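K.L.:
So for the sequence shown, the numbering used here puts the first residue at 151; every next one is plus one. Every residue gets a Cβ at the ideal spot worked out from N, C-alpha and C, and that includes glycine. Being a predicted model, the structure only gives us computed values, none of them experimental.
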Amino acid sequence: MSEVIISFRIMPESTDTDMEKLRERAETIISKAGEIGKVEIQPVAFGLKAIIIHAVMDESKGSPDNVEEELNQLEEVNRAEIIDVRRTVDI
């Protein structure tokens, strides 16, 4: 099986959410399933920011939907979703 690059968008409950703590908790969950790549914090609106985490996962380890569900269980998360999935190319 090949690897996939998956991008997750994590929306916090409020503008008061500790984004650094949330990022660390999200990275812990995602790193169980794959390797963390780039992490971005993007402004959304009215002071609200989203965490975008790109990760590389092995397709044979199962669906990234399980990771998405686990992220959504975090108390300070309003919504976590997969925003992009791309298969890597072996050369």
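1. If we ignore side chains and look at the alpha-carbon of each, how far apart do I232 and D208 end up?
2. Could you give the distance in angstroms between the alpha-carbon of F158 and the alpha-carbon of D240?
3. Since I believe H204 is in contact with K182 (beta carbons under 8 Å), could you give me their beta-carbon distance rounded to a whole number of angstroms?
4. Work out the CA separation of I179 and P214 for me, nearest whole Å.
P.N.:
This is what the structure gives:
1. Taking the first residue of the sequence shown as position 1, residue 232 is located at position 82. Taking the first residue of the sequence shown as position 1, residue 208 is located at position 58. Rounded to the nearest angstrom, the two C-alpha atoms are 16 Å apart.
2. Here residue 158 refers to the residue found at position 8 of the sequence shown. Here residue 240 refers to the residue found at position 90 of the sequence shown. Going by the C-alpha atoms only, they are around 23 Å apart.
3. Along the sequence shown, read from residue 1 onward, the residue named residue 182 stands at position 32. Along the sequence shown, read from residue 1 onward, the residue named residue 204 stands at position 54. Actually they do not touch by this definition, with Cβ atoms about 16 Å apart.
4. Taking the first residue of the sequence shown as position 1, residue 214 is located at position 64. Taking the first residue of the sequence shown as position 1, residue 179 is located at position 29. Between the C-alpha atoms of P214 and I179 there is a straight-line separation of about 11 Å.
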